[in-house]
Amino acid sequence: MELNEYIPIARRALSDARKGDAARLAEALVASRFVGVFGEAEVGKTSMLTRAFLEARIQPVRIDLHTAASSAHVSWLIARGLARQVLLPVQRSLLSGAPDIAPADARAGLIRLRNLIGSPLTDLAMAEVPTIDVPVDEALASLAAVADLGDLSVWVDHVEAPALTSRHPVDPQRLLWGLRAIAQTRSMQVVVCTQGVAVRDVAGPHAAFHQDGTWVEVHRPTVSSWVAVAAALDLPVDVSIVAALHELLDGHPPSLLLALGEYGEWGQHERPETIVSRLASRDDGHAGLAMQYARSLHRLGGEVLSNIAAGGRPYADRGLSRAQDVNKALLRLERAGLIYRPARQSWRLTNPLLAIRLRGTLRQIALSSEFDRPTRPRASAMSS
Amino acid sequence: MGLYPVFPIDGPVRPPGRMIGRAADVEALARVLGQEHVSQLLADERRTGKTSVVMAALDEMRSRGRIAIDCDLSADGQRSSRTVAGHLAAQARIAGIGNPRAGRRAARTAREILGRLSGDALRGLTQLLGIEDAADAAGAVVMLLGPADDGATQLPAVLRALQAHAVLADEPVVIFVDELQAPADASVGWKRQDATDLENHLAQAARSAPGGLVFCFAGSDSALRESLLKPGRPLAGIGARFELQPIAYGAWVPGLRARFGELGQSVEADALDAILDEGRGHPRRTMHICHHASQWARPNRDVVDGSVVENAIRDARHHPSWS
C-alpha cells in the first residue's frame, strides 16, 4: 500500500484504538462549560478532541491559533465558525463558490446569517482568506449574539502557538478573557487545547480560566492501542514487536505509524531495530531544519537539542553559560514542541527519529563525565 | 450542557437560589447598596463567589425597582473608558433611564422634585449637566445617555447623566464594576492611558458632591492590592470593604446533601466531612471535589463514601489551578 493511502487508514485505526481517550474527552465536553485539554506536542490532542466533539454531537466554532497570523485572521476563523453554525456545508459551498446560482434556501440562510452577525462578518465568513479587517471584539460580540440563541461551543486550539513568535499580533490571553466574559453570562462552552507547558497561561492564578471547569490530559497511546492498530491493519506483527517499536520510538504516534507502515511494506522478518534505522536514515533535511529552528528560538537551542538527543544534560559548556539561560532555552524548545519532559529533571526530543538522526545511534549512549550539570560560571571565565 | 449544573465549576452561580450558604451575604450587600447607599468593595481571592453574590444582590434590588447596572472590565467590548461608557449607557437605557418616553414621565416627576430640591442641590444638578435651567435636566440626561452615532460616548458624561438621574429620581443608581483589577493586568488588553482615564473617572464620580451613584467594585484581592488600591491611587479608600463570610458548616452539609440528592446519590457523614476538610471552605475547591465524587459514586451504587472521596480528591488535585 502506498504511504499516502496507508497513513489516513492507519490514523483512523489509531483513533479507533484510542476510543477510551475520546470517550473521556466527550464526557468532559458534555459535563462542563469549560474544558481544558493538554498534553505533549504531537500526542494527538487535536485528533482526539475532534473525535470527542463528534461523539458528543457538538459542532464547535474552532479558532486554531496555529494558523492565525493576525487578529483579522482570528475574526475570520470566528466568522467561518459562526457560518457553519447557521449554514449547511452544501449551502456554504454554493454561497462561496457560486453565489449567483445558489438556491433559495442557501440565500435565506445567508440573510439569516447577516441578521445575526452583520454584513462585514458575513462577507468575511464567505471569503476563502481574510480579505477585510474586522476587529476581534466585533467578532466576539457576534459570538455572544449567537450564544444568546442557544448553546454554543468555542474551541481554541494551539493556544501556545502565538507565543513562539516575538511580537505576534494575536494575544491569546486577551482572546481568552474575552471568551470568558461571554461565557460568564451566556450558555457558551469554551474548550481550550494546549501543550502542557502552556497550561499556566490558561489556568494560572491570574489567567482567564483559573480554577474553572475540567482539565483532561491526553497521553501517548499505549502498547495495547498499537497492537489494536496493527490488528486492524492486518499487519504481520505480534505484541513483542509492537512493544519493541514502542520502546525504540518512545511511543511517538507519527513515528510509530510510519514504523508499522514499514512492516506492511517489508514483511514480518525485519527486526524492529532494522525498521527504525531505515526510517531514521531517510534524511530529508528535517534534522537540519530542526537544528536551525532550535537556534532561532535561543542561541543555546541547537546545543541543548543535540545534547538531549545524545542523552546528556541539556548543556555542557563547562559553566560558561548561566543556568537561567539554559532554562530559558529549555522552555522555548518545550513550547515549540521540540522537546518534552517525561519525568522531573529528564528531557527527551519529541520526535525520536530526529533524536536518532542527531546522535547517529539508535539508542542513547551511556552518560559520561563529560556531560556534567551546568555549573556556576567561574570567576576567571567571567573576567576574560 | 445543563442550564443549572449540580456542582458548578465554571462561571458565576446562577440563579441565586443555587448558591449554598450565601443568602445572608446577598441580603447584607443588597441592604448596604440599595438602602444605606454606601459604596462597597469586594476584594477576595479568585473564585470565592464575589460575582455570584453581587449579581444576586443586584437581582434583588432590581426586583424592588432599583436601578442597578453592571460592567465587566475584562470583557472584550469593555476595555476602554469609551466602550465602558457605551456599555453603561446602553444598560441605563434598557433600565429606562435616558429613554425619551421615560424622560417625559421623568420630566413631570422632575418638575415636582425640583420644587422640593434645595438651592445647593439645584446648583449641583445644573453644574453636573452643564445646563442653565434645572428644568432641562431630564432632557439633558436623555441626551447624554442616548446612543452616539460617532461612537464618541464619554464616560464622565455618562456618569454625570446617571448622577443627575439619581438626583431627579431621588433614588441612587447602583453600578457594579467587576474585575476591577483588569485594566492593570497586561494580559487582559487595556491600554495604559485608557486604564488611567477609567481609574480617574470612576474615582471622580464616586467622590462627586451631588452623590447619587453607589458603586460596588469587585476584583481579585492580591491583584488589586498591587495596583489600583495602593495608597495614593485615585480609587484607594473608596467604598467600605465588604467581606464575604465563610460559608457555615451548617449550610454546607444540607446544601451538599441536597445536591448529591439531585443526582440520586447519598453521601456518608464522614465522606462529607472529608470533602469539607479538603475544600477548606473555598466554594470552588469544594465544588470540584463534589463534581469528581459524583462521578466516582456512579459505579459505587451512587453512594459517596470514604473511598469515593479519596479518589475524588486525588482527581481534583490534578486540576492545574489546584493549590
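For the protein sequence lines, the chains are A and B, in the order given.
Count along the first sequence from 1, then add 1345; that gives the number in my numbering.
Count along the second sequence from 1, then add 49; that gives the number in my numbering.
Cβ atoms here follow ideal geometry from the backbone N, Cα and C, with glycine treated the same way.
In this text, all values refer to a predicted model and were calculated from it rather than measured experimentally.
Tell me the DSSP bridge mates of residue i?
i                  : result
Cys1589 of chain A : Note on residue identity: the sequence assigns Ala, not Cys, to residue 1589 of chain A. Answer by DSSP bridge pairing: none, since Ala1589 of chain A is not bridged.
Tyr1351 of chain A : DSSP lists no partner for Tyr1351 of chain A.
Gly1500 of chain A : The sequence given here has Trp at residue 1500 of chain A, not Gly. Bridge partners of Trp1500 of chain A: A:Arg1407 and A:Val1536.
Val1515 of chain A : Paired residues: none, contrary to the question.
Val87 of chain B   : The partner list for Val87 of chain B (beta bridge, DSSP) is empty, contrary to what the question assumes.
Phe266 of chain B  : B:Leu90 and B:Val226
Arg290 of chain B  : B:Leu90
Phe1379 of chain A : A:Val1535
Gly1384 of chain A : A:Gln1540
Asp121 of chain B  : B:Asp227
Ser315 of chain B  : B:Val352
Considering only residues of the same chain and omitting the five flanking positions on each side of residue i, which have a CB-CB separation below 7 angstroms?
i                  : result
Val1587 of chain A : Val1568, Trp1571, Val1572 and Ala1575
Val1563 of chain A : Asp1366, Val1382, Gly1384, Val1388, Gly1389, Lys1390 and Met1393
Asp121 of chain B  : Gln127, Asp227 and Glu228
Gly288 of chain B  : Ser88, Gln89, Leu90, Phe264 and Phe266
Leu1580 of chain A : Leu1605, Tyr1608 and Gly1609
Tyr1685 of chain A : Glu1385, Ala1386, Glu1679, Arg1693 and Thr1695
Thr97 of chain B   : Leu293, His331 and Pro332
Arg1704 of chain A : Ala1654 and Ala1655
Asp59 of chain B   : none
Met1727 of chain A : The predicted position of Met1727 of chain A is uncertain, since its pLDDT is 36 and thus under 50; a value taken from the coordinates is nonetheless stated next. Once the five neighbours on either side are set aside, Met1727 of chain A has no close Cβ partner at all.
His337 of chain B  : Ile58, Ala365 and His368
Ala231 of chain B  : Leu122, Ser123, Val237 and Trp239
Ala186 of chain B  : Ala159, Leu174, Leu178, Ile180, Ala213 and Leu217
Looking at residue i and the ligand SAM, is the gap between the Cβ and the nearest heavy atom below 7 angstroms?
i                 : result
Ala297 of chain B : As far as ligands go, the structure on display features none, and thus does not contain the ligand SAM.
For residue i, I'd like the list of residues in its chain whose CB is within less than 8 angstroms of its CB, leaving aside the five on either flank, ordered along the chain.
i                  : result
Leu1374 of chain A : Val1380, Ala1397, Phe1398, Ala1401, Ile1403, Ser1498, Gln1534 and Val1536
Phe1554 of chain A : Phe1379, Gly1381, Leu1521, Arg1525, Val1535, Val1537, Val1547 and Ala1548
Tyr298 of chain B  : Leu325
Arg1356 of chain A : Ser1392 and Leu1602
Val133 of chain B  : Cys120, Leu122, Gln127, Leu204 and Leu247
Give every residue of the same chain whose Cβ lies closer than 6 angstroms to the Cβ of residue i, excluding the five residues on either side of it in the sequence, and list them in chain order.
i                  : result
Thr1412 of chain A : none
Ser1359 of chain A : First, the amino acid is wrong: residue 1359 of chain A is Leu here, not Ser. So the qualifying residues of the chain are Val1574.
Ser1377 of chain A : Gly1558 and Thr1559
Ser1729 of chain A : The predicted model places Ser1729 of chain A with a pLDDT of 38, which falls under 50 and marks its position as unreliable, so this point remains unresolved.
Leu278 of chain B  : Ala285
Ala1470 of chain A : Ala1424, Arg1425 and Ala1428
Arg1721 of chain A : Confidence is the limiting factor: at Arg1721 of chain A the pLDDT is only 38, short of 50, which leaves the residue's position unreliable and the question unanswerable from this model.
Arg308 of chain B  : Val55
Pro1719 of chain A : Its pLDDT being 40, under 50, Pro1719 of chain A is placed unreliably by the model, and the measurement read from it follows with that caveat. Here the set comprises Tyr1660, Ala1668 and Val1671.
Glu109 of chain B  : Ala79
Ser1713 of chain A : Confidence at Ser1713 of chain A is low in this model, with a pLDDT of 45, below 50, so its placement is unreliable and no value can be given for it.
Ala210 of chain B  : Val190, Leu193 and Leu194
Gly328 of chain B  : Arg334, Thr335 and Ile338
Next on the checklist: Along the segment 1455-1486 of chain A, where does the CB come closer than 8 angstroms to a CB of chain B? Name the residues.
Outcome noted: Val1481, Asp1482, Leu1485 and Ala1486
Item to check | Members of the segment 1552-1576 of chain A near chain B, C-beta cut-off 9 angstroms | outcome: Ala1552, Ala1553, Phe1554, His1555, Gln1556, Asp1557, Gly1558, Thr1559, Trp1560 and Glu1562
Item to check | Against chain A: residues of the segment 123-140 of chain B by CB proximity under 7 angstroms | outcome: Ser123, Ala124, Asp125 and Gly126
Next on the checklist: When you compare the segment 65-81 of chain B with the segment 95-105 of chain B, are there three or more beta-carbon pairs, one atom per stretch, that lie closer than 8 angstroms?
Outcome noted: yes
Item to check | At least three beta-carbon pairs within less than 8 angstroms, the segment 1416-1431 of chain A to the segment 1464-1473 of chain A | outcome: yes
Checklist entry - Which runs of the alpha helix (DSSP H), 4 residues or longer, sit entirely within the segment 1558-1583 of chain A? => result 1568-1577
Checklist entry - Which whole runs of the alpha helix (DSSP H) in the segment 181-240 of chain B are 4 residues long or more, in chain order? => result 186-194 and 204-218
Next on the checklist: Threshold first: 3 residues or longer. Then list the beta strand (DSSP E) segments lying entirely within the segment 1669-1702 of chain A, N to C.
Outcome noted: 1684-1688 and 1691-1694
Next on the checklist: I'd like the ranges of any alpha helix (DSSP H) spanning at least 4 consecutive residues and lying wholly in the segment 1396-1464 of chain A.
Outcome noted: 1416-1431, 1434-1442 and 1449-1462
Checklist entry - Counting Cβ pairs closer than 8 angstroms, one from the segment 314-329 of chain B and one from the segment 347-358 of chain B, do we hit at least three? => result yes
Checklist entry - What residues in the segment 1499-1524 of chain A have a beta carbon less than 7 angstroms from any beta carbon of chain B? => result Asp1516, Gln1518, Arg1519, Trp1522 and Gly1523
Item to check | Interface residues of the segment 1410-1440 of chain A facing chain B [CB-CB below 9 angstroms] | outcome: none
Checklist entry - For the segment 236-249 of chain B against the segment 211-219 of chain B, are there 3 or more C-beta pairs whose distance is under 8 angstroms? => result no
Next on the checklist: Give the list of continuous beta strand (DSSP E) stretches no shorter than 3 residues that lie fully inside the segment 68-115 of chain B.
Outcome noted: 89-93
Item to check | Residues of the segment 267-280 of chain B with Cβ closer than 7 angstroms to any Cβ of chain A, in chain order | outcome: Ala272
Item to check | Meets three-Cβ-pair contact criterion under 8 angstroms: the segment 1493-1507 of chain A and the segment 1445-1456 of chain A | outcome: no
Item to check | Positions along the segment 92-111 of chain B whose CB lies within less than 8 angstroms of some CB in chain A | outcome: Arg95, Arg96 and Thr100
Next on the checklist: What are the residues in the segment 54-84 of chain B lying within 7 angstroms of chain A by C-beta distance?
Outcome noted: Ile58, Asp59, Gly60 and Pro61
Next on the checklist: Any C-beta of chain A within less than 7 angstroms: which residues of the segment 222-238 of chain B qualify?
Outcome noted: Asp234, Ser236, Val237 and Gly238
Next on the checklist: Closer than 7 angstroms between beta carbons: that is the criterion. Which residues of the segment 321-334 of chain B meet it against chain A?
Outcome noted: Arg333
Item to check | Selection of the segment 348-371 of chain B by Cβ proximity to chain A, strictly under 9 angstroms | outcome: His367, His368, Pro369, Ser370 and Trp371
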